[in-house]
Amino acid sequence: MTENQFDVFISYSRKDSEIANRIYDALVAEGVTCFIDREGISGGADFPTVLSEAIMGAKVLLLVASENSYASEFTQKELTFAVSNKGSRFIFPVIVDNSELPKNLEFLLSNINWRTLSLRYRIEKELVADVKKKVADPQAGMTIKQREKNTVKVMMIIIFSIIGLGLAALGYMYWLNNTAEEKAQADRQLCSTWIKAASGMVYKADTLRYNRSNILETFEEEIASLEAAEGILSRVDSLRESYMNDSAHAYQFTQFSTASARRGIAERRDSMFVEWNKYAIANYEDYELFEDETSRGIALGYVEKALILHPGDFMLQEMKTKLTQ
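Residue numbers (the numbering used here): 33 to 357.
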């Protein structure tokens with residue numbers, strides 16, 4: 033399947049059918065095409081095949097997040113398949129029951145925003161508007177090209193699973209042990225786990241760079257890995273800072289500096305920018321030479337991606353202005 037058949041694939045637990053149907057009806061009323069399994073699968077169809085093809089053919093996977101979906105085997109399989117094949121930015125999660133996110137999902141989707149239904153965030157208004165914006169994003173639902181050597185992807189899925197179990201165990205320790213010393217010990221272990229996870233995400237970005245046949249293949253995944261690492265390090269800083277005024281434990285948390293890991297992220301971004309800036313300039317020069325629409329589109333694509341890495345670059349901003357005039 034190469035063409036998008038639906039704008040949105042709705043992933044939900046059957047126990048949340050009522051609210052999933054409300055979301056479906058609201059989106060369809062606004063012209064958004066949706067796949068939902070209550071009417072998308074015929075009696076004689078191969079269930080897994082239809083679902084996997086529908087996910088690959090959609091622009092966005094809307095996760096109806098709830099205690100029910102967290103416990104649903106099928107919902108978890110849909111989410112795992114989507115992230116593995118299309119990246120975490122393909123997911124649009126909305127919490128419908130004010131539940132707390134499981135640690136494994138919070139980590140796996142740490143680089144995207146979660147919405148929660150409320151009086152200020154309603155299905156028929158705010159949710160529909162945000163989904164339409166997501167669908168309109170030209171990079172939404174972009175398929176990650178499968179590479180012959182996918183050892184890194186398999187390794188990262190295993191790491192995600194291990195970290196998810198580790199975080200869940202640490203969370204249980206936190207609530208079970210309510211003394212200050214036991215809480216501090218659990219938090220130190222949590223900081224250590226997070227720093228290792230962030231380093232793993234930077235390593236993933238580096239590995240993707242050297243296992244691609246062209247730079248367009250993995251840009252989104254590399255950026256997502258670096259953003260995930262930054263988000264994890266921010267959590268370390270926040271937790272570490274909470275102990276700095278605690279004389280009994282402050283010294284124990286000084287070891288969890290994120291400076292080195294942040295330098296690694298900055299260096300990786302700088303390296304990516306040098307590469308993309310070089311291609312942006314070369315393709316812009318081609319456009320100036322030929323001045324055709326094909327050259328314009330190619331050059332604009334490279335310029336916009338370079339600007340993601342360095343939004344304030346004056347020369348790139350001038351190129352974009354000329355290309356869009």
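We put the beta carbon where it would ideally sit given N, CA and C, even for glycine. Just so we're clear, the structure is a prediction, and the values are computed from it rather than from any experiment.
Length of the line joining the Cα atoms of residue i and residue j
i, j, result
"VAL82", "LYS47", "21 Å"
"GLU110", "SER289", "37 Å"
"ALA14", "ILE87", "With the chain covering only 33 through 357, there is no way to say anything about residue 14."
"ASP238", "GLU254", "8 Å"
"ASP269", "ALA291", "10 Å"
"ARG121", "ALA256", "8 Å"
"ALA168", "PHE38", "13 Å"
"ILE340", "MET304", "10 Å"
"GLU214", "GLN221", "11 Å"
"ALA280", "LEU93", "47 Å"
"PHE346", "VAL335", "12 Å"
"VAL60", "LEU151", "22 Å"
"GLU50", "LYS157", "18 Å"
DSSP state of residue i mapped onto helix, strand, coil
i, result
"ARG300", "helix"
"ASP345", "coil"
"ARG267", "helix"
"THR148", "strand"
"PRO134", "coil"
"THR286", "coil"
Residues sharing a beta bridge with residue i, DSSP
i, result
"PRO125", "LEU95"
"VAL40", "CYS66, VAL92"
Top-ranked residue by Cα proximity to residue i, from the options
i, options, result
"ARG267", "GLU253, GLU252, ASN277, LYS228", "LYS228"
"ILE42", "ALA61, GLU62, LYS91", "LYS91"
"THR65", "VAL40, ALA97, MET304, VAL126", "VAL40"
"TYR102", "GLN217, VAL60, ILE123, ILE127", "ILE127"
"LYS165", "GLU62, ASN315, ILE264, LEU348", "GLU62"
Near the ligand MN: residue i beta-carbon under 7 Å from a heavy atom
i, result
"SER257", "Because no ligand of any kind appears in the structure shown, any question about the ligand MN cannot be addressed here."
Cβ-based burial, residue i [other Cβ within 10 Å; buried from 16]
i, result
"ARG300", "buried"
"LEU248", "exposed"
"ALA298", "exposed"
"ARG272", "buried"
"ALA97", "buried"
"ASP302", "exposed"
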